[in-house]
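Worksheet for the structure shown next.
Protein chains: 2
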Amino acid sequence: MILSKTCIYGILATLHLATKKDKEYLPISQIAKELDISFHFLTKILQKLTQQEIMSSYRGPNGGIALARPKEEIKLMDIVVAIDGSEIFEQCLLKLPGCGKLKPCPLHDEWGLIRKQIQEMLNQTSVASVAEKIVKNSLRLADVNPLEL
Amino acid sequence: MILSKTCIYGILATLHLATKKDKEYLPISQIAKELDISFHFLTKILQKLTQQEIMSSYRGPNGGIALARPKEEIKLMDIVVAIDGSEIFEQCLLKLPGCGKLKPCPLHDEWGLIRKQIQEMLNQTSVASVAEKIVKNSLRLADVNPLEL
DNA sequence: CAGTTTTAAGACTCTTTTGTCTTAAATTAG
DNA sequence: CTAATTTAAGACAAAAGAGTCTTAAAACTG
Chain B
1 MILSKTCIYG ILATLHLATK KDKEYLPISQ IAKELDISFH FLTKILQKLT
51 QQEIMSSYRG PNGGIALARP KEEIKLMDIV VAIDGSEIFE QCLLKLPGCG
101 KLKPCPLHDE WGLIRKQIQE MLNQTSVASV AEKIVKNSLR LADVNPLEL
Chain C
1001 MILSKTCIYG ILATLHLATK KDKEYLPISQ IAKELDISFH FLTKILQKLT
1051 QQEIMSSYRG PNGGIALARP KEEIKLMDIV VAIDGSEIFE QCLLKLPGCG
1101 KLKPCPLHDE WGLIRKQIQE MLNQTSVASV AEKIVKNSLR LADVNPLEL
C-alpha cells in the first residue's frame, strides 16, 4: 500500500548508505545482503536512483554506490518521486480522474488533509535525520537479521 | 495506492446506493452501468460485501442489491476492512515485519501519526454523510458520465 | 594485455491484481 | 410449469508488479 515494494527497497538502501561513512562507494551486493533484498532486483532499483542523480555509482573494484548529495539534502520525498512518481500526491482516495477544486470527488476534502500531511512528512524528513535515529537507537532496516551498524 | 481498485469500486457502489431510496433493491447491472464499472467484476466485489453483511442481495426480477444496515451506521472503514482487510492499519510505511513499539522501524512514529488520522477519517465518515454531500453538491462518482442523481 | 570486480541493460519468469466469461441457482411472472 | 430476470460461484485471461538471470561495459590489478 501507498509505496511500492520497489520504492520501499529504494528508501531502505538509501537509509542504509546514510548510516555509513560519507562518499564511500558500497557494493550493491553488500547492501543487498545486509538488507536481505535480491541483488539483481536492488541493482535495478538503484540504477533508477542513479539516473535521477540521487545516488552515484562507480564500476570496478572498490566501486559501488554512494549518495550523490549530502544526506541532509536528500528528503524521503525525493526517493518516492524518483521511483513511484508524483501521481500519489495528485490523486484522491477514490482516484476519480481530474479530481480537484473544480470537479471534486466526494472525499476530496477529507483526503486532501491527509495527503498534505503525508507530503509534508516526506518533504521534511531528510535521510540524514532518519539515519541518525537509526544509529542512535540501533533500529533495524531488515527483518530479523541485525545489521552491523 | 492505499486502497485497491476493488475496494474503491466497493466504496463507489456503496455511496451510489446510499444516494438512492432506502431499502430498495437496485440491480448490479444498473449500478455497474452508472458507475462505468464492469458488471461481472462489480458482482464479485458486491458478493464480498454481501457476505460481510454490509449489503443484502435478492435474486430474480426486481431483485438486486441494497444496503444491509442504515447508511448512518455504515462507515467507510467497514468497507475498507471488508475488502482490503486491516493490514494497512497494522503496517508501517516500510512494511518491516513486526514493527511496533518493541521493534519500531525508523519511520514508526512519523507514519503512526498519519496512519491514525487515516483510521479516524475512515471510522468517522459514514456512508450517509458522504451521500448527503454528493446529493447536495451534485458530485460525481464516475469519470465524465454525469450521474442522474 | 588478461583477468577480476563491479554496475548497466534488458530479456525473461513468477505472482498478484484486475477483469471477463460461463454456468448454476434463486425468484418472479404468466 | 416455463420463461425471464437476477445474483452466486468459479474458471479463465490480461495486465501490472516483483523478482531472476544473462550478457555487456567499465574500471581496476597485476
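Chains B and C supply the protein sequences, listed in that same order.
Take the first sequence: its letters are residues 1 to 149, numbered as in my numbering.
Take the second sequence: its letters are residues 1001 to 1149, numbered as in my numbering.
In this text, a Cβ means the ideal position worked out from N, Cα and C, and glycines have one as well.
A quick note: this is a predicted structure, and the numbers were derived from the prediction, not measured.
What number of angstroms, rounded off, separates the C-alpha of residue i from the C-alpha of residue j?
i, j, result
"E53/B", "K20/B", "19 Å"
"I1008/C", "L93/B", "8 Å"
"L1116/C", "Q1124/C", "First, the amino acid is wrong: residue 1116/C is Lys here, not Leu. Straight-line Cα distance between these residues: approximately 12 Å."
"M121/B", "N137/B", "20 Å"
"K1023/C", "I1065/C", "9 Å"
"L1141/C", "W111/B", "15 Å"
"I1079/C", "F1041/C", "16 Å"
"A13/B", "Y58/B", "16 Å"
"P1027/C", "L1017/C", "10 Å"
"L139/B", "L1096/C", "11 Å"
"Q1091/C", "Q91/B", "22 Å"
"I150/B", "D143/B", "For residue 150/B there is no data in the structure shown, the boundaries of chain B being 1 and 149."
"A1131/C", "H108/B", "13 Å"
"T1006/C", "P1106/C", "31 Å"
"C99/B", "Y25/B", "44 Å"
"L1003/C", "I1031/C", "20 Å"
"G63/B", "L35/B", "19 Å"
"Q980/C", "S1086/C", "Because chain C here runs from 1001 to 1149, residue 980/C falls outside it and cannot be looked at."
"L1015/C", "T43/B", "44 Å"
"A82/B", "Q1051/C", "41 Å"
"S1029/C", "D84/B", "35 Å"
"M1/B", "K1033/C", "28 Å"
"P1104/C", "P104/B", "37 Å"
Quick check on residue i: buried or exposed, where buried means 16 or more other Cβ atoms within 10 Å of its Cβ?
i, result
"P70/B", "exposed"
"V1135/C", "exposed"
"P146/B", "Here P146/B scores only 41 on pLDDT, less than 50, and its place in the model is too uncertain to base an answer on."
"G1010/C", "buried"
"K1133/C", "buried"
"E1072/C", "exposed"
"L1102/C", "exposed"
"S38/B", "exposed"
"L1049/C", "buried"
"P1061/C", "exposed"
Whole-angstrom Cβ separation of residue i and residue j, contact assumed at under 8 Å?
i, j, result
"I118/B", "I1088/C", "Contact doesn't hold; Cβ gap of about 14 Å is too wide."
"M1077/C", "A1068/C", "Actually they are not in contact, since the Cβ atoms of M1077/C and A1068/C sit about 16 Å apart, beyond 8 Å."
"I74/B", "S126/B", "6 Å"
Quiz item: Unbroken alpha helix (DSSP H) runs of length 4 or more, entirely within the region 74-135 of chain B: which are they?
Solution: Within the region 74-135 of chain B, the complete alpha helix (DSSP H) segments at least 4 residues long are 76-84 and 108-124, listed from N- to C-terminus.
Quiz item: Which of the residues in the region 25-53 of chain B, read from start to end, lie with their CB under 8 Å from any CB of chain C?
Solution: none
Quiz item: What are the residues of the region 113-138 of chain B that lie near chain C, defined by any Cβ-Cβ distance shorter than 7 Å?
Solution: I114, Q117, I118, M121, T125, V130, K133 and I134
Exercise. Identify every run of the alpha helix (DSSP H) within the region 1007-1066 of chain C, keeping only runs that are complete inside it and at least 4 residues long; order them along the chain.
Key: 1028-1035 and 1039-1051
Self-check item: chain C contacts made by the region 79-98 of chain B, where a contact means CB separation under 7 Å
Solution: I88, L93, L94, K95, L96 and P97
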